[in-house]
Amino acid sequence: MNLRQLYYFKAIAELEHYTRAAEKLYVSQSSLSHAIQELENELNVEFFVKRGRNVELTKYGQLFLPYVQKTLETLETGIATLADYINPNTGSVVMAGFPSLAQFAPNIIVRYVSETNRVEVRLQFNQEATYAQLRKQLLEGEVDLIFATEVDDPRVGSSYIGDHQIVLLVPQNHRLARLEKVDLRELDGEDFISFDTNCQLREVTDRIFRQLDIQPNITAETAQDLIIYGLVAASHGVAIIPYPLGGVPYNTKILSISDDIPARRLYLSWNKDQYLPPAAEYFRDFVIRSGQVFTQFLEKNDIYAQAGAQGQAPAPV
6 MNLRQLYYFK AIAELEHYTR AAEKLYVSQS SLSHAIQELE NELNVEFFVK
56 RGRNVELTKY GQLFLPYVQK TLETLETGIA TLADYINPNT GSVVMAGFPS
106 LAQFAPNIIV RYVSETNRVE VRLQFNQEAT YAQLRKQLLE GEVDLIFATE
156 VDDPRVGSSY IGDHQIVLLV PQNHRLARLE KVDLRELDGE DFISFDTNCQ
206 LREVTDRIFR QLDIQPNITA ETAQDLIIYG LVAASHGVAI IPYPLGGVPY
256 NTKILSISDD IPARRLYLSW NKDQYLPPAA EYFRDFVIRS GQVFTQFLEK
306 NDIYAQAGAQ GQAPAPV
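Here the sequence shown is numbered in our numbering, starting from 6 and rising by one per residue.
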């Protein structure tokens with residue numbers, strides 16, 4: 006049994022005429038008859054009986070027809086969906102990135118649509134709290150692209166998009182809030198809100214604390230930037246975080262860090278071993294052509310300058 010036979014069977018059943026079915030399918034009547042004969046022989050049934058110049062379904066044909074119609078309809082829906090998905094002008098791009106990039110995501114999406122006029126492309130951005138989750142999703146083909154730190158894997162290609170500065174967030178009424186820049190030794194014994202152990206930034210802060218021989222008092226752990234903002238605002242501790250792109254969180258102050266703590270180098274990454282739909286490929290190439298799109302976002306929106314205008318210390322450049 007093959008698809009050709011099923012399409013032939015459906016056409017004859019609906020038109021009740023071999024000649025008209027052959028004309029509709031652009032095949033000879035003999036080819037049509039031969040295909041149906043093969044199908045009947047394989048299933049050991051007779052599907053059609055002659056009624057004058059027409060044919061009618063036997064009870065076996067009547068039983069079989071709804072299943073054939075449903076099968077072909079499902080297949081055609083799948084083909085149409087696939088064609089739409091891979092169409093560079095109407096397909097889908099599934100992306101993911103750190104929660105700290107939530108304000109950057111709509112910016113790059115709007116910029117892409119406005120500069121390419123691909124208004125019918127469906128652009129989806131999912132937030133994943135940890136580098137490990139993002140890496141796993143990319144390598145397993147769950148997403149097309151990720152915005153994150155660089156993935157050290159030969160299967161992954163990447164394009165640098167800019168640096169995300171790391172800063173200290175303190176409550177407005179904290180003793181350190183009078184400063185604009187802080188030495189992390191000031192955090193020894195200080196109540197501290199930390200990223201949890203699944204987060205890449207936790208490895209960075211733990212290493213720095215060991216190097217400085219200090220022990221902040223970790224009062225809470227989370228993978229979510231917004232939760233950290235809230236806990237700091239409620240005076241549950243201070244936190245080392247990627248610079249908040251949405252502005253200074255309520256009831257907090259941002260301080261630059263005088264210690265040598267590297268900025269997060271951000272990349273757009275894709276799986277070179279995985280099929281990349283044309284819509285996603287077009288988006289990736291747009292970002293590569295555009296250069297350091299995250300740096301451009303920071304500069305266009307005066308992210309660090311706005312913090313200075315609000316009495317906060319801009320992140321070091």
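For each residue, glycine too, the CB sits at the ideal point set by N, CA and C.
All values derive from a computational prediction rather than experimental measurement.
What three-state label does DSSP hand alanine 101 in the structure shown? Translated into positions along the sequence shown, residue 101 becomes position 96. In the three-state scheme derived from DSSP, where H, G and I count as helix and E and B as strand, alanine 101 is classed as strand.
What alpha helix (DSSP H) runs, 4 residues minimum, are completely inside the stretch 260–300? DSSP runs (the alpha helix (DSSP H)) wholly in the stretch 260–300: 283–295.
On a CA-only basis, which of Thr227, Gly242 and Arg190 is nearest isoleucine 219? Give me that one, please. Taking the sequence shown and counting its residues from 1, the one referred to as residue 219 is at position 214. Nearest of Thr227, Gly242 and Arg190 to isoleucine 219, Cα basis: Arg190.
Alpha carbon to alpha carbon, how far is glycine 252 from isoleucine 84? Stepping through the sequence shown from its first residue, residue 252 is reached at position 247. Stepping through the sequence shown from its first residue, residue 84 is reached at position 79. Distance from the CA atom of glycine 252 to the CA atom of isoleucine 84, rounded to whole angstroms, is 45 Å.
For tyrosine 165, does the three-state DSSP call read helix, strand or coil? Here the question's residue 165 lines up with position 160 in the sequence shown. The three-state secondary structure of tyrosine 165, taken from DSSP, is strand.
Kindly indicate the opening and closing residues of the beta strand (DSSP E) around glutamine 132. By one-based count along the sequence shown, residue 132 stands at place 127. Where glutamine 132 is concerned, the enclosing beta strand (DSSP E) stretches over 127–132.
Three-state secondary structure assigned by DSSP to phenylalanine 52: Position 47 of the sequence shown, counting from 1, holds the residue named residue 52. Residue state, collapsed to three classes: coil.
Run through DSSP, which three-state label would lysine 73 get? Within the sequence shown, numbered from 1, the residue matching residue 73 stands at position 68. Looking at the sequence provided, one finds valine at residue 73 rather than lysine. In the structure shown, valine 73 sits in a helix (DSSP, three-state: H, G or I).
Could you compute how far the alpha carbon of asparagine 99 sits from the alpha carbon of tyrosine 272? If you number the sequence shown from 1, residue 99 lands on position 94. If you number the sequence shown from 1, residue 272 lands on position 267. Contrary to the premise, residue 99 reads as valine rather than asparagine in this sequence. Per the coordinates, the alpha-carbon of valine 99 lies some 16 Å from the alpha-carbon of tyrosine 272.
Cut-off 8 Å between Cβ atoms - residues of its own chain near aspartate 278, not counting five sequence neighbours on either side: By 1-based counting over the sequence shown, the position of residue 278 is 273. Arg160.
For proline 267, count neighbouring Cβ atoms within 10 angstroms of its own Cβ and tell me buried if that reaches 16, exposed if not. Counted from its first residue, the sequence shown places residue 267 at position 262. The residue is exposed, with fewer than 16 neighbouring Cβ atoms inside 10 Å.
With DSSP as the reference, label threonine 224 as helix, strand or coil. Translated into the one-based positions of the sequence shown, residue 224 becomes position 219. Correct three-state label for threonine 224: strand.
Looking at valine 126 and phenylalanine 197, is the spacing between their C-beta atoms short of 8 Å? As a working mapping, residue 197 is identified with position 192 in the sequence shown. As a working mapping, residue 126 is identified with position 121 in the sequence shown. In this structure, phenylalanine 197 sits away from valine 126, with a CB-CB distance that is not shorter than 8 Å.
Cα separation between proline 319 and valine 237? As a working mapping, residue 319 is identified with position 314 in the sequence shown. As a working mapping, residue 237 is identified with position 232 in the sequence shown. Reliability fails at proline 319, whose pLDDT of 48 lies under 50, so the model's placement of it is uncertain and no value is given.
Valine 54: buried (16+ other C-beta within 10 angstroms of its C-beta) or exposed? Here residue 54 refers to the residue found at position 49 of the sequence shown. With fewer than 16 other Cβ atoms from the protein chains shown falling within 10 Å of its own Cβ, valine 54 counts as exposed.
May I ask you to report which of helix, strand or coil DSSP gives glutamate 61? Within the sequence shown, the letter at position 56 stands for residue 61. Note: glutamate 61 maps to strand in three-state DSSP.
Shortest alpha-carbon distance to phenylalanine 200 belongs to which of Thr224, Asp188 and Gln177? Position 195 of the sequence shown, counting from 1, holds the residue named residue 200. That would be Thr224, whose Cα lies nearest to the Cα of phenylalanine 200.
By the three-class DSSP mapping on this structure, what secondary structure does aspartate 230 have? As a working note, residue 230 is residue 225 in the sequence shown. In this structure, DSSP gives aspartate 230 a helical state, which the three-state scheme calls helix.
Grab me the residues of threonine 63's own chain with a C-beta within less than 8 Å of its C-beta, minus the 5 sequence neighbours each way, in chain order. Here residue 63 corresponds to residue number 58 of the sequence shown, with the count starting at 1. So the list reads Val50, Glu51, Phe52, Phe53 and Val54, once near-sequence residues are dropped.
Just confirm the distance between the C-beta atoms of asparagine 131 and alanine 88, as a whole number of angstroms; I'd bet it's less than 8 Å. For the purposes of this step, residue 131 is taken as residue 126 along the sequence shown, with counting starting at 1. For the purposes of this step, residue 88 is taken as residue 83 along the sequence shown, with counting starting at 1. Not a contact, Cβ separation roughly 24 Å.
By Cβ distance below 6 Å, which residues in the same chain neighbour asparagine 112 in space, the five residues on each side in sequence not counted? Start at 1 with the first residue of the sequence shown, and residue 112 comes out as number 107. Excluding sequence neighbours, asparagine 112 sits near Phe302.
By the 10 Å Cβ neighbour count, where 16 or more other Cβ atoms means buried, how is alanine 153 classified, buried or exposed? Counted from its first residue, the sequence shown places residue 153 at position 148. Buried.
DSSP three-state call for aspartate 211: helix, strand or coil? For this step, residue 211 is matched to residue 206 along the sequence shown. Note: aspartate 211 maps to helix in three-state DSSP.
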